[in-house]
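Everything in the sequence shown is counted per numbering that gives the first Met the number 0, starting at 0 for the first residue and increasing by one.
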Amino acid sequence: MIKVEWFYWLCGAIFLAVAVLTLADRTNAKRYGSAAFWGLLGAAFVYSTFAVHKTAPAWVLGLAVIAMALLVATGRLGRGTTPGPTRAEQEAGADRFGNRLFVPALTIPVVVIIFAVGLAKIHTGAEPLLEKSSETLIGLGVAAIVAVLIGFVMLRPKSPLAPLNEGRRLLEAIGWAAVLPQMLATLGQLFVAAGVGTQVGRITENVLPGNSLIGGVIVYCVGMALFTIVMGNAFAAFPIMTAAIGYPVLVQHFHGDAAAVFAIGMLAGFCGTLCTPMAANFNIVPAALLEMKDKYGPIKAQIPTAIPLLACNIILMYALAF
């Protein structure tokens, strides 16, 4: 059986390799802090296996997260000046390969679909080929490896470490925001465990008109967008609003189709992602990488799309889920 855990280990190995490369980069004035940050993140991916199986204490991961937060708060992260490809080299590569440059990227969704739809049904003896409920993640891991191999064959980089070096440059440019989605998703789970969703549900009982389906749909969708704006991640908002409105009101009370309610609810949350600087990796980092004069430029450009898209999601949920 192919286990998703193996790909978590691969992610951890990549972060550990980035830590080693960062530590060796003397052009990075803050290489020790940066190497510690990426090293802790990589070690956490590997150590989590033992924490999940209860063969090692989970509080060690908590200490690692606190240490990473302290490194960020004290300004210990930096970036080196290791040069990447020049503008002339990039243009020459674009002229040479043309649209073939999209082949590695387009390989990823194709391989994921093959794994999620086809290979997920294959068994080896009494066990499935792919770990149950993780077929898509396994497919994504394999797809990434295949895409890198295709990139090697096509582009023939001078160094076998080219993917790691370019990945390190990108991670250094993004910085701590690279782990923001994980942290915010975890925050959503903590809010649910603390009963925030229950309290939100009690509050909305006083707001919702009695037995109003459209009112429940609007509150759920708009709530998903607003919580996403505050928390910066629809995955963090989802467990809160679903525990408060999505499941008890729309699914249980109004007998809505759970798959449609939750899927469209997530899309409503993504409308909030388009409107918030809290989604730093989605809105602020691209502005920095593209050296935009207005760091809020992406958000300003996306708001006119986000608002009507939220309205469309409300209509779709009302029409398709009930």
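Note that the Cβ used here is the ideal one computed from N, Cα and C, for glycine as well.
Computed from a prediction, not measured in an experiment: that's the story for all the values here.
Return the residue from the list the options that minimises the CA-CA distance to residue i.
i, options, result
"residue 168", "8, 206 and 77", "77"
"residue 94", "154, 41, 82 and 5", "154"
"residue 295", "243, 175 and 283", "283"
"residue 260", "272, 228, 318 and 297", "318"
"residue 174", "233, 30, 150 and 111", "30"
"residue 239", "213, 212, 270 and 203", "203"
"residue 132", "39, 115 and 199", "115"
"residue 136", "113, 304 and 19", "113"
"residue 152", "99, 304 and 120", "99"
"residue 111", "177, 292, 139 and 101", "139"
"residue 177", "313, 54 and 68", "68"
"residue 89", "0, 266 and 156", "156"
"residue 183", "87, 229 and 194", "229"
"residue 185", "54, 61, 0 and 96", "61"
Determine, using beta carbons only, whether residue i and residue j come nearer to each other than 7 Å.
i, j, result
"residue 3", "residue 130", "yes"
"residue 215", "residue 248", "yes"
"residue 277", "residue 245", "no"
"residue 21", "residue 35", "no"
"residue 44", "residue 74", "no"
"residue 241", "residue 233", "no"
"residue 170", "residue 17", "yes"
"residue 199", "residue 243", "yes"
"residue 280", "residue 179", "yes"
"residue 144", "residue 106", "no"
"residue 32", "residue 70", "yes"
"residue 187", "residue 219", "no"
"residue 307", "residue 297", "no"
"residue 57", "residue 66", "no"
"residue 313", "residue 217", "yes"
"residue 134", "residue 146", "no"
"residue 270", "residue 300", "no"
From what residue to what residue does the alpha helix (DSSP H) around residue i run?
i, result
"residue 7", "4-23"
"residue 84", "Per DSSP, residue 84 belongs to no alpha helix (DSSP H) and is neither H nor E."
"residue 58", "58-72"
"residue 101", "No alpha helix (DSSP H) contains residue 101, which DSSP labels as neither H nor E."
"residue 340", "Residue coverage of the chain in this structure runs from 0 to 321, which leaves residue 340 outside it and unanswerable."
"residue 147", "134-154"
"residue 164", "161-173"
"residue 189", "179-192"
"residue 312", "296-319"
"residue 233", "233-240"
"residue 158", "Careful: residue 158 lies outside any alpha helix (DSSP H) and carries neither H nor E."
With burial defined as no fewer than 16 other Cβ atoms inside 10 Å of the residue's Cβ, what is the status of residue i: buried or exposed?
i, result
"residue 165", "exposed"
"residue 158", "exposed"
"residue 82", "exposed"
"residue 27", "buried"
"residue 206", "exposed"
"residue 326", "Limits of the chain in this structure are 0 at one end and 321 at the other, which puts residue 326 out of reach."
"residue 309", "buried"
"residue 85", "exposed"
"residue 316", "buried"
"residue 293", "exposed"
Here's a check: name, in chain order, each residue in its chain whose Cβ is nearer than 7 Å to the Cβ of residue i, leaving out the five neighbours to either side.
i, result
"residue 210", "none"
"residue 268", "223, 224, 227, 233, 236 and 237"
"residue 213", "317"
"residue 24", "30, 79 and 81"
Leaving aside the five residues before and after residue i along the sequence, list all residues of the same chain whose C-beta is less than 8 Å from its C-beta, in chain order.
i, result
"residue 109", "142"
"residue 13", "41, 163 and 166"
"residue 196", "190, 238, 239, 240, 241, 242 and 243"
"residue 48", "4, 7 and 8"
"residue 122", "128"
Could you tell me whether any Cβ in chain D is nearer than 7 Å to the Cβ of residue i?
i, result
"residue 91", "Protein chain content of the structure displayed is limited to a single chain, and chain D is not contained in it."
Sorted by chain position, which residues of the same chain lie with C-beta nearer than 6 Å to residue i's C-beta, five sequence neighbours on each side aside?
i, result
"residue 320", "255, 256, 259 and 260"
"residue 302", "274"
"residue 80", "26"
Shorter than 6 Å, the distance from the beta carbon of residue i to the closest heavy atom of the ligand GTP, or not?
i, result
"residue 251", "The model on display carries no ligand, and the ligand GTP is accordingly not part of it."
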